Structure formats: C-alpha cells, structure tokens
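To start, the structure under review is shown below, and the notes come after it.
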Amino acid sequence: LTKQLDFRNLPDELVTQLMSKRNNLPRKSLGYRTPYEVFMSYVTDEQLFSF
1 LTKQLDFRNL
11 PDELVTQLMS
21 KRNNLPRKSL
31 GYRTPYEVFM
41 SYVTDEQLFS
51 F
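Oh and the sequence shown: position 30 is 30 in my numbering, straight run, nothing missing.
Here it is as structure tokens:
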C-alpha cells in the first residue's frame, strides 16, 4: 500500500481486512510478539469475561 492511498475509495470490508492484517503483525518493539499477544499477557480470564 502506498502512503497516498485514499481509503475512502476502498470497500469497507477490504479496509477491515487490511487493518486486521496490519494490527496482527509481530513487532520488533514488542519482542516479535503481536499487539494482541502482548495485550493478552496482561489481561486475566476474569477481566475478559467481566464485561
């Protein structure tokens, strides 16, 4: 994807897929873990099910 890409011209489903893919990439700054993996390491099952 280019930085100049206008997301307003893309279907919502494609934007959602792109966001999901980008947000689930392992990051060097997170010890090569995904943001989801880091988040889940700090949250207990009790906290997840209390909503």
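Ideal placement from N, C-alpha and C gives every residue a C-beta, glycine not left out.
Because the structure is a prediction, the values reported are computed rather than measured.
Which stretch, first to last residue, makes up the alpha helix (DSSP H) that contains proline 35?
35-42
Continuous alpha helix (DSSP H) stretch holding phenylalanine 49: start and end:
Unbroken alpha helix (DSSP H) run through phenylalanine 49: 45-49.
Name the one or two DSSP bridge partners that arginine 22 has.
DSSP lists no partner for arginine 22.
Hey, out of Gln17, Asp12, Tyr36, whose CA is closest to proline 26's CA?
By alpha-carbon distance to proline 26, the top candidate from Gln17, Asp12, Tyr36 is Tyr36.
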